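This report concerns only the one structure given below.
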Amino acid sequence: METDGIFDPRDIGSNPPPRPAAPPKPSAPPLMSGRGEAFVDWLRTPRAVGVAPGTWKFAYRPKPPEEPDRIPGRQLVSGALISLVCGWLVWSLCWNGYLGSYWLWPLLLFTPDSWRKEGGSQELFVWSAYFYYALFALVLVVGFGRLGRWQEVGRRYVLAPSRRLMEQRAPAPKPEADPLEWPELRAAGGVASAAADRLAGEARAGLMSDVDHARIARAWESVRIHPTRFAAFIDAVQRLGAAACRHPSGGRDLPVRIARHDLLTRQVRIGAAVEDVRNPYQHRGVGVALDPDLLGTSLVAVGPAGSGKTAHLVRPVVESLCLQALAGQAAVIAVGSAGAVLAPDDAFDVIVRTGETGSRYGLDLYGGTTDPDAAAGMLAEGLVGDLTALEGGGSRRAAAVLAQLLGPYRAIHGRFPSVPELRELLDGSPAALGALRSALEKAGEDAQLRELDARERQSSRPGDVGALLADRIALLDRPAFTTLFDSTAGDRLFSLRALDHPLRVRIDLPARGHTETSRILTRLVLAQFTEHAVARRDRSVFAALVLDDASHTITAEALRGIQRLRSVGAGAVLTIRTLEEVPEPLRAPLLGSVGCRMAFAGVTTWEGARFAEVWGKEWVETRDVTNQQVIAHEPLTRASHVVRRIVTGRAVTAESVTVRKVERERWSASELAHSVPAGHAVISLTTVRGERVSPLLVDLRPGGGL
């Protein structure tokens with residue numbers, strides 16, 4: 001495949017990427033095949049720079065300065081029309097003589113009588129009359145124009161559309177600034193300029209898609225870091241054009257897209273901020289998008305079933321990461337129920353179907369590591385990480401027990417035990433332990449023999465964790481999972497050590513039944529992901545883990561792992577139906593350890609209180625209006641008040657307004673529970689650099705905000 005080493009990490013070692021889930025197909029037609037002009041327009045569309053995080057940058061137009069006293073359009077237009085009619089009526093009354101000569105008295109006052117008599121300078125009077133008519137008309141226009149705010153009408157409905165039309169008709173950018181001409185590639189000169197000509201020609205001919213452009217741009221960045229790849233890159237571009245440097249799967253696009261993507265900024269649009277007073281003015285009506293800079297701080301979304309977490313968040317994010325993987329920019333691990341359909345099968349390189357004996361790929365129980373202690377820690381987190389009440393350190397005790405068995409077994413067999421073998425060892429089977437002891441004695445492994453002795457001594461003590469581990473591992477030793485962890489079937493086991501490669505992986509959990517097993521597998525994948533993402537040497541590929549249902553998955557160790565992802569070019573997206581499925585001591589730390597938080601419609605007030613606490617308070621200006629009855633002492637004023645009370649039925653009052661600043665919650669628990677419409681969510685964002693965006697009410701529905 002024509003990858004030219006672009007998708008190889010800097011230190012692969014003995015960790016080759018797995019084969020695609022299906023044999024590579026011929027390159028799919030580009031997204032904009034036959035529509036070169038559409039692709040060129042997309043490429044030349046300006047992207048915003050310096051805007052707030054999470055802003056959809058594609059074709060972004062800055063909002064005008066906030067105008068708190070802005071007049072509604074209907075009121076403005078109706079006022080302008082009324083003032084125009086009134087002005088025209090006054091002019092008609094004067095011009096047609098209905099007001100007699102009263103409106104002409106200034107003209108008569110400032111002109112000599114001789115000008116109007118026979119034989120006088122009547123021509124001067126005629127010109128003076130014309131000047132007076134023009135001046136009188138100008139006074140009417142200015143007066144009624146100010147009353148009807150004609151200047152504001154012209155600015156809003158004439159000048160602004162004209163300015164936008166002129167911007168749309170702006171000339172094409174100069175070659176040195178035109179992204180279509182590959183200016184950075186041309187700057188290298190020589191054969192690189194010829195390669196840029198080839199790419200620009202294919203773009204104009206409609207043979208290049210946004211994925212092709214992003215992939216080749218990523219390849220050129222790799223060449224700049226590793227100049228030894230220059231010759232291979234130029235050769236591939238000259239031979240294959242837009243199909244150069246393809247992903248190992250051979251794919252150049254996804255079979256179908258459900259969301260709006262901009263691969264130049266690596267954004268996916270999830271909705272638009274609502275025109276609501278609770279949203280900051282500069283965000284109202286503006287598109288909201290996610291990118292690796294935000295997902296690198298990890299994201300937690302809470303909402304009941306049916307609130308749209310999968311449809312409006314998980315699927316667009318997974319689709320975006322799959323597109324970025326085809327461009328060599330990201331690696332994605334998506335975990336969800338078999339019925340969730342996070343993306344079509346053709347969108348992934350590896351599909352692990354747990355609970356199906358016919359699955360082409362299995363899952364490495366030990367995460368591909370060769371270190372017994374690391375393998376024991378990840379496996380313990382998956383098996384008993386949810387048992388926060390476990391005495392003696394929880395998963396740390398379980399990891400110590402597993403290490404006492406995994407180390408000796410690997411020292412003899414050169415591999416870790418299979419699930420049935422590990423179950424026998426944890427059950428304390430005399431035959432299994434005796435055979436392992438004999439092998440250690442023959443091999444002279446005294447250190448490992450001491451580990452096994454310690455395990456046998458501890459197994460006889462009350463409260464030993466080994467029995468609990470045996471019960472949990474028995475959930476994986478079921479007929480439905482016989483082939484899932486089978487390490488004897490060659491390279492069919494997928495290992496998360498492959499995160500150095502731009503892979504697209506989907507792990508399907510059983511759609512029904514095996515509930516506890518699904519939770520164990522989810523915790524195991526999360527533990528392996530955080531372990532291997534931190535250990536990567538090449539962090540130029542953004543690694544993402546998407547858990548469609550992270551219920552009963554959050555543990556103290558998992559939170560510590562998620563916090564480490566921000567600095568290593570990785571992130572996690574976790575969705576939870578309710579915070580009740582997170583242990584009470586971990587609910588506040590969960591919301592505090594991630595940078596992006598989403599509360600979907602339907603959260604409860606006690607869940608909303610958690611979000612309100614983490615989002616904090618802000619200073620706002622409040623206006624208190626007080627109506628106080630007016631007591632009149634003069635007879636005439638008192639009589640008028642009596643008449644007004646008879647007519648209106650209410651006493652005469654005086655209104656007093658008090659303006660003050662108070663501190664209040666950005667979103668209260670009650671507002672989150674009762675004021676978020678269906679298909680909406682409140683989202684706060686943080687970048688890996690620490691830039692923050694206050695909570696926004698976002699319309700997530702298709703076409704929301706458009």
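Mapping to full-length UniProt numbering: the sequence shown position 667 is 667, numbers consecutive. Built from N, CA and C at the ideal position, the CB exists for glycine as well. None of these values were measured; they are calculated from a predicted model.
#### Entry: Q528 and L452 closer than 8 Å at C-beta
Taking the sequence shown and counting its residues from 1, one reaches residue 528 at position 528. Taking the sequence shown and counting its residues from 1, one reaches residue 452 at position 452. Q528 is not a Cβ neighbour of L452, given a cutoff of 8 Å.
### Task
Indicate the three-state DSSP secondary structure (helix, strand or coil) for W95 in the structure shown.
As a first step, residue 95 must be located in the sequence shown, where it is residue number 95. Residue state, collapsed to three classes: helix.
### Query
What three-state label does DSSP hand D178 in the structure shown?
Translated into positions along the sequence shown, residue 178 becomes position 178. Looking at D178 - three-state DSSP - the assignment turns out to be coil, as it is neither helix nor strand.
### Task
Taking A558 as the reference, give the member of V525, N96, L579 with the closest Cα.
As a working note, residue 558 is residue 558 in the sequence shown. Measuring from the Cα of A558, the nearest candidate turns out to be V525.
#### Entry: Opening and closing residue of the alpha helix (DSSP H) in which H501 lies
Here residue 501 refers to the residue found at position 501 of the sequence shown. Looking at the DSSP string, H501 is not in any alpha helix (DSSP H), and its letter there is neither H nor E.
### Task
Please determine, among V546, H283, K309, the residue with the shortest C-alpha to C-alpha distance to P695.
Your numbering for residue 695 matches position 695 in the sequence shown. Closest by alpha carbon: H283.
### Task
With distances taken Cα to Cα, identify the nearest neighbour of G148 among V77, H514, M378, R229.
As a position in the sequence shown, residue 148 is number 148, starting the count at 1. Closest by alpha carbon: V77.
### Message
If you reduce the DSSP assignment to three classes, tell me which class D346 lands in.
### Response
Against the sequence shown, residue 346 aligns to sequence position 346. In the three-state reduction of the DSSP assignment, D346 falls in the helix class.
### Task
Give a yes or no on contact between the region 492-504 and the region 367-374, applying the rule of three or more CB pairs nearer than 8 Å.
The region 492-504, when compared against the region 367-374, does touch it at the 8 Å Cβ threshold.
### Proximal residues to L586 (C-beta, below 7 Å), its chain only, five neighbours per side dropped
Counted from its first residue, the sequence shown places residue 586 at position 586. I554, A556, L559, listed in sequence order.
#### Entry: P479 in three-state terms, based on DSSP
Position 479 of the sequence shown, counted from the first residue, corresponds to residue 479. Of the three classes helix, strand and coil, the one that applies to P479 here is helix, per DSSP.
### Message
So, under 8 Å CB-CB, G616 and R666 are touching, yes? Tell me the CB distance rounded to an integer number of Å.
### Response
Counting from one through the sequence shown, the residue named residue 616 turns up at place 616. Counting from one through the sequence shown, the residue named residue 666 turns up at place 666. The Cβ separation is near 7 Å, so the contact holds.
### Message
Can you tell me whether Y366 is helix, strand or coil according to DSSP?
### Response
Indexing the sequence shown from 1 puts residue 366 at position 366. Coil at Y366, not helix or strand.
### Query
Taking DSSP as the reference, what is the three-state secondary structure of I258?
Here residue 258 refers to the residue found at position 258 of the sequence shown. Coil at I258, not helix or strand.
### Query
By how many angstroms is the C-alpha of D446 removed from the C-alpha of S460?
Indexing the sequence shown from 1 puts residue 460 at position 460. Indexing the sequence shown from 1 puts residue 446 at position 446. Their backbone Cα atoms lie some 22 Å apart in a straight line.
### Query
From residue 718 to L565, what does the alpha carbon distance come to, in whole angstroms?
Nothing can be reported for residue 718, as the shown portion of the chain is limited to 1 through 706.
### Query
How should M166 be labelled, buried or exposed, when 16 other C-beta atoms within 10 angstroms of its C-beta is the threshold for buried?
The count along the sequence shown starts at 1 and reaches residue 166 at position 166. M166 is exposed by the Cβ-count criterion.
### Query
Excluding five sequence neighbours on each side, which residues of the same chain lie with their C-beta closer than 8 Å to the C-beta of A454?
Position 454 of the sequence shown, counted from the first residue, corresponds to residue 454. Within the same chain, Cβ atoms closer than 8 Å to the Cβ of A454 are found at Q404, the five residues on either side in sequence being excluded.
#### Entry: Which listed residue (L493, E421, A432) has its alpha carbon closest to that of I473
By 1-based counting over the sequence shown, the position of residue 473 is 473. Closest in alpha carbon position to I473, among L493, E421, A432, is E421.
### Task
Tell me whether the beta-carbon of V237 lies closer than 8 Å to the beta-carbon of A195.
Within the sequence shown, numbered from 1, the residue matching residue 237 stands at position 237. Within the sequence shown, numbered from 1, the residue matching residue 195 stands at position 195. One thing to note: V237 has its Cβ within 8 Å of the Cβ of A195.
### Message
Contact defined as beta carbons within less than 8 Å: I believe A301 pairs with V318. What is the distance between those atoms, to the nearest angstrom?
### Response
For this step, residue 301 is matched to residue 301 along the sequence shown. For this step, residue 318 is matched to residue 318 along the sequence shown. With a beta-carbon spacing of about 13 Å, A301 and V318 fall beyond the 8 Å limit used to define contacts.
### Message
The beta strand (DSSP E) that contains V682, what's its start and end?
### Response
Counting from 1 along the sequence shown, the entry for residue 682 is found at position 682. That run of the beta strand (DSSP E) goes 680-686.
### Task
Give the C-beta separation of V546 and V211 to the nearest angstrom, bearing in mind that I take them to be a contact with Cβ-Cβ under 8 Å.
In the sequence shown, residue 546 corresponds to position 546, counting from 1. In the sequence shown, residue 211 corresponds to position 211, counting from 1. Going by Cβ atoms, the distance from V546 to V211 rounds to 20 Å, so no, they are not a contact pair.
### Task
For G690, name the three-state secondary structure that DSSP assigns.
Along the sequence shown, one-based indexing puts residue 690 at 690. Looking at G690 - three-state DSSP - the assignment turns out to be coil, as it is neither helix nor strand.
### Query
Mind checking S162: buried by the 16 CB within 10 Å criterion, or exposed?
Residue numbering aside, residue 162 sits at position 162 when the sequence shown is read from its first letter. S162 sits exposed, since fewer than 16 C-beta atoms from the chains shown fall within 10 Å of its C-beta.
### Query
Is V51 helix, strand or coil when you go by DSSP?
For this step, residue 51 is matched to residue 51 along the sequence shown. Here V51 sits in coil by DSSP.
### Message
Quick check for students: name the residue ranges of the alpha helix (DSSP H) that lie wholly in the region 581-663, counting only runs of 4 or more.
### Response
Listed in chain order, the alpha helix (DSSP H) elements of length 4 or more contained wholly in the region 581-663 are 584-593, 605-615, 635-648.
### Query
Are the Cβ atoms of R523 and G382 separated by less than 8 Å?
What you label residue 523 is simply residue 523 of the sequence shown in a count that begins at 1. What you label residue 382 is simply residue 382 of the sequence shown in a count that begins at 1. Taking the C-beta atoms as reference points, G382 is found nearer than 8 Å to R523.
### Query
Does at least one heavy atom of the ligand ZN sit under 7 Å from the Cβ of P479?
Judged by which ligands are present, the structure shown has none, so any question about the ligand ZN falls away.
### Query
Do you know offhand how far I82's Cα is from R156's?
Taking the sequence shown and counting its residues from 1, the one referred to as residue 82 is at position 82. Taking the sequence shown and counting its residues from 1, the one referred to as residue 156 is at position 156. Those two C-alpha atoms are separated by around 18 Å.
### Query
Can the beta-carbon of R257 be found less than 8 Å from the beta-carbon of A289?
Translated into the one-based positions of the sequence shown, residue 257 becomes position 257. Translated into the one-based positions of the sequence shown, residue 289 becomes position 289. If you check the CB distance, R257 and A289 do not come in under 8 Å.
### Query
For V505 versus I333, is the C-beta spacing smaller than 8 Å?
Counting from one through the sequence shown, the residue named residue 505 turns up at place 505. Counting from one through the sequence shown, the residue named residue 333 turns up at place 333. Judged by beta-carbon spacing, I333 lies within the 8 Å limit of V505, meaning their Cβ atoms are closer than that value.
### Message
At the level of alpha carbons, what is the spacing between A311 and A550?
### Response
To locate residue 311, count along the sequence shown from 1; it is residue 311. To locate residue 550, count along the sequence shown from 1; it is residue 550. Whole-angstrom Cα-Cα distance: 16 Å.
### Task
Can you have a look at residue 707 and say buried or exposed, based on whether 16 or more other CB atoms are within 10 angstroms of its CB?
Because the chain spans 1 through 706 in this model, residue 707 falls outside it and cannot be assessed.
### Message
Based on DSSP bridge pairs, tell me the residues matched to D699.
### Response
Here residue 699 is taken as the residue at index 699 of the sequence shown, counted from 1. In the DSSP output, where bridge partners are listed per residue, D699 has A272, H680.
### Message
Looking only at its chain, what residues have a beta carbon closer than 6 Å to the beta carbon of G34, apart from the 5 residues adjacent to it on each side?
### Response
The residue labelled residue 34 in the question sits at position 34 within the sequence shown. Unreliable placement is indicated for G34, whose pLDDT of 36 sits below 50; no coordinate value is reported for it.
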